[in-house]
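Participant:
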Amino acid sequence: MRFVDEFRDADKAHALSAKIAALCEPGRQYKFMEVCGGHTHTIYKHGLEDYLPESVQLVHGPGCPVCVIPMGRVDDAMHLAAQDDVIMTSFGDMMRVPGSRGSFFDAKAAGTDIRMVYSPLDSLKIARNNPDKRVVFMAIGFETTAPSTAMTIMRAAAEGLENFSIFCNHVTIIPAIKAILDSPDLRLDGFIGPGHVSTVIGCRPYEFIAADYGKPVVVAGFEPLDILQSIYMLMLQLSEGRSEIENQYARVVPWDGNPVALKVIGETMQLRPYFEWRGLGFISHSALSVREQYAKFDAELLFDVPGVRVADPKACQCGEVLKGVLKPWECKVFGTACTPETPIGTCMVSPEGACAAYYNYGRMNRNRVAEVTIGSRP
Amino acid sequence: MTTQKPGGWIEQALAEHDEHHEHDEPAQREGQVSDREQQVLDRIDKARRRRPKVREERITMSHGAGGKATHTLIEAVFLDAFRNPLLEPLEDAATLQAGSARVALTTDSYVVSPLFFPGGDIGELAINGTVNDLAVSGATPRYLSAGFILEEGFPVADLNRIAESMRDAAAAAGVQIVTGDTKVVQRGKADGCYINTAGVGVFERDITLGVAHARPGDAIIVSGPIGDHGVTIMLARGELDIEADLQSDTAPLNGLVAGLLDRAPGVRALRDATRGGVATILNEIAKSADVGVLVSEDDIPVRPEVRGAAELLGIDPMYVACEGRLVVVVDGDQADEALAALRAHPLGTQASVIGHVTDGPPGLVHLKTAFGGTRIVDLLVGDPLPRIC
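Heads up: the protein sequence lines correspond to chains P and L, in order.
Residue numbers for the first sequence follow my numbering, beginning at 10 and rising by one.
Residue numbers for the second sequence follow my numbering, beginning at 13 and rising by one.
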């Protein structure tokens, strides 16, 4: 398949793998964080770690839109969904995320009208087709998905729709990266920068990471060769003593981002003073709410949202996993109490969550790969 | 802002966790990373072998998706209530002794939406699905029943179309529909037309097939490109605004199976890949026979249209339903024979050896990715959910 297979070429991967190994200084450990959950997914789905020397470790970051939604927000959404005449609409990813009283799937089974959509524009369609209902879209995601929510709000305004609103949970990536850089318990050598977020915000916002923290960033695409090449670029920077922002994903990411997308976000949404992130706690200026001008589309104003904060279960270590302090399997309840079937933490729900990716794809001892794949071949 | 504690189900899950793991050695922080990881992997393996329990208070769509939630429901509710040696293997059909004859019995219900789709309709599916469940047990499908649940207001013209299509499918598969039932429910209580078929087949060969018989060294073969049916249905629902020239692969497999068993008596197990796709069957093999399974992504046939749609949606064709594809476990020495037999039949021209049964970690399916890495292939909980970005 064109535009896919050329980015999954095993021969090129072997060549890059050798170049990475050649750059490793003996005795030195390298730790790179892939910020974006999409990268985590790619890494596990393609078994990319097989190509890395033991001294190069990947640490999974906070960039999984579903994973960072705190329990209280899920409860708020369930509360909205349970109101008279409400149809709640949501991306599929969100359907299994547990609130304190179960997930959207559970609420749906109990009779609440919750529908899975592929785009917020599908929610608009549902609103048009159900004029006697109030349709709410559960908006989640980083700057990647915010523009489509923004466009949907603007379209709803242009059409004069009276029965559509969004429950805005959009978050922004830079404050989360900053929180990680300021976290005392983690030592990183560099970042694999989030590709799709950067299509919107560009590469400039990362400059402080190199300038103030002295860490290199390579904005990366989502195919396995993209990631491998980005790791090589990071290793090259380290070996040459540089810390710069580089763009491996230039085929998609413009250096200055997408001004049109940024403009529509700015027109419809504004920064919240603070927002709770699952596991990371409250981070100031890290999330978006609907601007006053579009208040009639803001579910938080239209409905009475309880806004009760729900503490994460004590045993759940999603916060440490999201910050990259713990590997998924180092969490106390990983794979025993917390599984994809009965997730306690959000990291176990989304395919982009580090725990789900490890459980579904990577639940194996990499040191025994050779034994597994070669050992018993007839 | 007040803070609440999360609900009871989490505490229950944690209490059970403590009960089972209170004697676990704490993972050594100082130890070798891979040793600590191995401890956790062993613990997970133990947890996965525990008796499954349904935690949900109500049935969710995941329980019908053919993945982990379906397995849990079947084992925790139905197997628990009905347990007997004939049911226990949980194969596609039960093998029974009726007088001097050995027969296979199976049943399946069909609720597909839309009822008519490129390459078939619910009627054809209802015949082929049950014929295939019998065929993969090694029996020759003979007689079917047909039960209809119809919604008030359903067009008779559509029902005629479905009945004709069932007649043609039964003729093609060489089976007779010999008994039936009709119920009508009020508008809104069903979605047009649901069909249940049950089927009886007769064993003409002295064989017992079953995934529990798989042994290290066996080859695993699929009879053709995977995922056609599932992707066709997803696109036919018209919610995705993707168009592709695709048809359901619904087909009766009894002819293909007969040809295969004639030439390769070393076949140990057959399954038709329906809900949950090929990945689910591979997991059933690994779990039932307590063996490892290793497959190679490069060798798994997938049509470019199916791969393209699956890539766009972020789902894996390995989990997408087929309705006319066999998964074969055969003695490694007879792999070539089996492959040749499948390829000699029109429904098996693109058959391919996708991997082997191994003595690797028992219960796990490993995949050598096209990229050259390794990962496991687990059961999905429910339906594959499209990713958001």
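All C-beta atoms in this analysis are idealised placements derived from N, C-alpha and C, irrespective of residue type, glycine included.
#1: For a cutoff of 8 Å on Cβ pairs, would you count P/I353 as touching chain L?
#2: Quick one: is L/D390 near chain P, going by C-beta distance under 8 Å?
#3: Pair every Cβ in the stretch 219-234 of chain L with every Cβ in the stretch 287-301 of chain L, then say whether three or more of these pairs are closer than 8 Å.
#4: Anything in the stretch 53-73 of chain P with a Cβ closer than 8 Å to a Cβ of chain L? List those residues in chain order, please.
#5: Which residues share a DSSP beta bridge with L/Y155?
#6: Quick test of the definition: if touching needs 3 or more C-beta pairs under 8 Å, does the stretch 77-96 of chain P touch the stretch 113-121 of chain P?
#7: Provide the residue span of the alpha helix (DSSP H) that contains P/R164, from first to last.
#8: Can you find a CB in chain P that lies within less than 8 Å of the CB of L/T381?
#9: Using a Cβ-Cβ distance under 8 Å, would L/T386 count as near chain P?
#10: What's the C-alpha gap between L/F383 and L/D311?
#11: For L/T84, would you say it is in contact with chain P, using Cβ-to-Cβ distances shorter than 8 Å as the test?
#12: Could you tell me which residues DSSP puts in a beta bridge with L/L379?
#13: Is any beta-carbon of chain L found at less than 8 Å from that of P/W338?
#14: Check for me: the alpha helix (DSSP H) holding P/M242 runs from which residue to which?
#15: Whose C-beta lies closer than 6 Å to the C-beta of P/V317 among residues of the same chain, with five residues either side of it excluded?
#16: With DSSP collapsed to three states, give me the class of P/C356.
#17: Would L/H225 pass as an interface residue toward chain P - the criterion being a Cβ-Cβ separation below 8 Å?
#18: Do the CB positions of P/S109 and L/Q16 come within less than 8 Å of each other?
#19: Short of 8 Å in beta carbon distance, which residues of its chain neighbour P/V291, apart from the five on each side in sequence? Order them along the chain.
#20: Please identify, using Cβ separations under 7 Å, the residues of the stretch 43-70 of chain L that lie next to chain P, in order along the chain.
#21: So which of P/A259, P/D307 and P/K21 has the shortest CA-CA distance to P/T158?
#22: Name, in chain order, the residues that DSSP records as bridge partners for P/Y39.
#23: From P/C340, P/P263 and P/M278, pick the residue whose C-alpha is nearest to that of L/R55; which is it?
#24: When the Cα of L/D390 is compared with those of P/N376, P/G354 and P/G344, which residue comes out closest?
#25: Does the beta-carbon distance from P/F173 to P/A165 come in below 8 Å?
#26: List, in chain order, every chain P residue whose beta-carbon is nearer than 8 Å to that of L/E251.
#27: Three-state secondary structure (DSSP) at P/Y368?
#28: Residues in its own chain within less than 6 Å of L/G132 by CB, not counting five upstream and five downstream?
#29: Taking the alpha-carbon positions, what's the L/F128 to L/I134 distance?
#30: How is P/E216 classed by DSSP in three states: helix, strand or coil?
#31: Keeping to the same chain, check which residues put their C-beta closer than 8 Å to that of L/E100; ignore five residues upstream and five downstream.
#32: With the cut-off set at 8 Å, would you say L/E136 and L/S177 are in Cβ contact?
#33: Determine the DSSP secondary structure at L/E103, reduced to helix, strand or coil.
#34: How about P/L243 and P/P214: are their beta carbons less than 8 Å apart?
#35: Shortest alpha-carbon distance to L/V279 belongs to which of L/L351, L/P97 and L/G192?
#36: By the criterion of Cβ-Cβ separation under 8 Å, what are the contact partners of L/H29 in chain P?
Facilitator: Considering the structure as presented:
#1: One-based indexing of the first sequence puts residue 353 of chain P at position 344. Residue-level contact check: P/I353 touches chain L, since one or more beta carbons of chain L fall below 8 Å from its beta carbon.
#2: By 1-based counting over the second sequence, the position of residue 390 of chain L is 378. With 8 Å as the cut-off, L/D390 counts as an interface residue toward chain P.
#3: Segments in contact, yes.
#4: Listed by position along the chain: Y53, K54, H55, G56, L57, E58, D59 and Y60.
#5: Along the second sequence, read from residue 1 onward, the residue named residue 155 of chain L stands at position 143. In DSSP, L/Y155 forms a bridge with L/Q188 and L/V212.
#6: The stretch 77-96 of chain P is in contact with the stretch 113-121 of chain P.
#7: The sequence position of residue 164 of chain P within the first sequence is 155, counting from 1. Taken as a continuous stretch (DSSP letters only), the alpha helix (DSSP H) holding P/R164 covers A155 to E168.
#8: Along the second sequence, one-based indexing puts residue 381 of chain L at 369. Taking Cβ atoms only, chain P reaches closer than 8 Å to L/T381, which makes this a yes.
#9: Residue mapping note: residue 386 of chain L aligns to position 374 of the second sequence, counting from 1. Output row for L/T386: interface = yes.
#10: Residue 383 of chain L sits at position 371 when you count from the first residue of the second sequence. Residue 311 of chain L sits at position 299 when you count from the first residue of the second sequence. So the alpha carbons of these two residues sit roughly 13 Å apart.
#11: The sequence position of residue 84 of chain L within the second sequence is 72, counting from 1. Yes, its Cβ sits closer than 8 Å to a Cβ of chain P.
#12: The residue labelled residue 379 of chain L in the question sits at position 367 within the second sequence. Bridge partners of L/L379: L/V307 and L/R387.
#13: Along the first sequence, one-based indexing puts residue 338 of chain P at 329. With 8 Å as the cut-off, P/W338 counts as an interface residue toward chain L.
#14: Residue numbering aside, residue 242 of chain P sits at position 233 when the first sequence is read from its first letter. Start and end: P233 to S248.
#15: In the first sequence, counting from the first residue as 1, residue 317 of chain P sits at position 308. G81, listed in sequence order.
#16: In the first sequence, the residue the question calls residue 356 of chain P occupies position 347. Secondary structure of P/C356 (DSSP, three-state): helix.
#17: Within the second sequence, numbered from 1, the residue matching residue 225 of chain L stands at position 213. Closer than 8 Å: no.
#18: Sequence index remark: in the first sequence, residue 109 of chain P carries index 100 (1-based). Sequence index remark: in the second sequence, residue 16 of chain L carries index 4 (1-based). Yes. Within cutoff.
#19: As a working mapping, residue 291 of chain P is identified with position 282 in the first sequence. The amino acid at residue 291 of chain P is misidentified as Val; the sequence shows Phe. Answer for P/F291: Y283, F284 and E285, listed in chain order.
#20: Taken in chain order, the members of the stretch 43-70 of chain L whose beta-carbon sits within less than 7 Å of a beta-carbon on chain P are S46, E49, Q50, V52, L53, R55, I56, A59, R67, E68 and R70.
#21: As a working mapping, residue 158 of chain P is identified with position 149 in the first sequence. Among P/A259, P/D307 and P/K21, the Cα nearest to that of P/T158 is on P/D307.
#22: Position 30 of the first sequence, counting from 1, holds the residue named residue 39 of chain P. As DSSP reads the structure, P/Y39 sits in a beta bridge with P/V65.
#23: The sequence position of residue 55 of chain L within the second sequence is 43, counting from 1. Measuring from the Cα of L/R55, the nearest candidate turns out to be P/C340.
#24: Here the question's residue 390 of chain L lines up with position 378 in the second sequence. Considering only alpha carbons, the answer is P/G344.
#25: Residue numbering aside, residue 173 of chain P sits at position 164 when the first sequence is read from its first letter. Residue numbering aside, residue 165 of chain P sits at position 156 when the first sequence is read from its first letter. Yes; because the gap between Cβ atoms is below 8 Å, this pair is in contact.
#26: Taking the second sequence and counting its residues from 1, the one referred to as residue 251 of chain L is at position 239. Residues of chain P passing the Cβ test: Y127 and D131.
#27: For the purposes of this step, residue 368 of chain P is taken as the residue at position 359 of the first sequence. The three-state reading of DSSP puts P/Y368 in helix, counting H, G and I together.
#28: Here residue 132 of chain L refers to the residue found at position 120 when the second sequence is read from its first residue. Within the same chain, L/G132 has close Cβ partners S260 and T262.
#29: Numbered from its first residue, the second sequence carries residue 128 of chain L at position 116. Numbered from its first residue, the second sequence carries residue 134 of chain L at position 122. Their backbone Cα atoms lie some 7 Å apart in a straight line.
#30: Position 207 of the first sequence, counting from 1, holds the residue named residue 216 of chain P. Here DSSP, grouped into helix, strand and coil, assigns P/E216 to helix.
#31: Within the second sequence, the letter at position 88 stands for residue 100 of chain L. Cβ within range, chain order: L91.
#32: Reading the second sequence from its first residue, position 124 is the one you call residue 136 of chain L. Reading the second sequence from its first residue, position 165 is the one you call residue 177 of chain L. Closer than 8 Å, so yes.
#33: As a working note, residue 103 of chain L is residue 91 in the second sequence. Coil, per DSSP.
#34: Within the first sequence, residue 243 of chain P is the residue found at index 234, counting from 1. Within the first sequence, residue 214 of chain P is the residue found at index 205, counting from 1. No, they are not a contact pair.
#35: Residue numbering aside, residue 279 of chain L sits at position 267 when the second sequence is read from its first letter. The option with the nearest alpha carbon to L/V279 is L/L351.
#36: To locate residue 29 of chain L, count along the second sequence from 1; it is residue 17. Chain P residues near L/H29: A324, V342, T345 and A346.
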